[in-house]
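Following: one structure in structure tokens, then a few remarks.
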Amino acid sequence: HQILFHNSEDLIYIGNARGTSWIELSSDGKIDIYAEDSISVHTKQDMNFYADRDINFEAGRNINIKSAERYQTEVGTNFNLIIGENGSITTTGDINMNTAGDNKFTAEVTFNTISGSVYLKHKKCLELQILSPKKYLQC
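Residue 249 in the working numbering sits at position 131 of the sequence shown, and the numbers go up by one each step.
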């Protein structure tokens, strides 16, 4: 086991004998933590993370987030969700999507909607273009 107070390098290092877990505190304000197995943190109250710049998470396998009540994400400007293969959203209740601008849905192959009924409400005009057989319905 090692506890090192390195005066010339101005750092503190704590590690176990096999080097399978350690923590290093450097003079420039950086903290590095390593564990060959898991790192677990538990609190009976809140856990807060704050960064003046970016927060980055990367997993070699899965990222799992579970909330007993509400899960909310707030984004100041742009939100992009990029999925490598398939994606799905499942809810036992309703889904509401509201935009101040346009709603755009694009499918390269087929756009499928399965519903008990389809209700389209428009304020000005509703246009439908059906390519096969070719039909165009306009206001």
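Glycine included, C-beta positions come from ideal geometry on N, C-alpha and C.
Roughly how many angstroms lie between the CA atoms of S233 and Y189, to the nearest whole one? 27 Å
Contact belief for T91 with E154 at Cβ below 8 Å, rounded distance in angstroms: Not covered by the structure: residue 91. The range shown for the chain is 119 to 257.
According to DSSP, is Q247 part of a helix, a strand, or is it coil? strand
Would DSSP call Q120 helix, strand or coil? strand
By the three-class DSSP mapping on this structure, what secondary structure does D150 have? Strand.
Are L122 and S144 close, meaning C-beta to C-beta below 8 Å? Not in contact: L122 and S144 (Cβ atoms no closer than 8 Å).
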